[in-house]
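All remarks here apply to the structure that follows.
Numbering (this note's numbering), first residue to last: 7 to 151.
If you want it as structure tokens, here you go:
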């Protein structure tokens, strides 16, 4: 079954993340020891059309009722392009501008959904059949980032 998806950018904030005064990760070593920056968790995704979103959300609600899977309803149905990453809140407007410009240059394309798969810890998802348009979209997005 082929489904048309529309490329869109979503920012899904999770719990705030505060850097410790002595950062354990070299990436953060440039911060002054007294400076505490707040970061949030985001991911970038392609969003399916409304009909597919409703179908997937119905299935998520079924899983919630029958298996207690609450976490699945925290984000809308999507195809992850960039997995969750931390971003400084004060730099969010610049990121949003880059992603908005990127999204404007994209056109809808079709993908094929087939079966289910999973990954730890306790994530079940609808499998997206390998697709050159999706691969090109992902590669192009990585270049922009």
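For each residue, glycine too, the CB sits at the ideal point set by N, CA and C. All values reported here derive from a predicted model rather than from experimental measurement.
Item	Value
Backbone secondary structure at residue 113 - three-state DSSP	coil
Straight-line Cα distance separating residue 56 from residue 16	Any answer about residue 16 is weak, because its pLDDT of 39 lies below 50 and its placement is not dependable; what the coordinates show is given next. Rounded to the nearest angstrom, the two C-alpha atoms are 15 Å apart.
Residue 83 classed as buried or exposed, judged by whether at least 16 other C-beta atoms fall within 10 angstroms	buried
Buried or exposed by the 16-neighbour rule on C-beta atoms within 10 Å, applied to residue 123	exposed
Environment of residue 145 [buried if 16+ CB atoms lie within 10 Å]	exposed
Reduced DSSP secondary structure (H/G/I, E/B, other) of residue 131	strand
Alpha helix (DSSP H) segment containing residue 147, residue limits	138-150
Bridge partners - residue 46, DSSP secondary structure assignment	93
Cα-Cα separation, residue 148 to residue 127	26 Å
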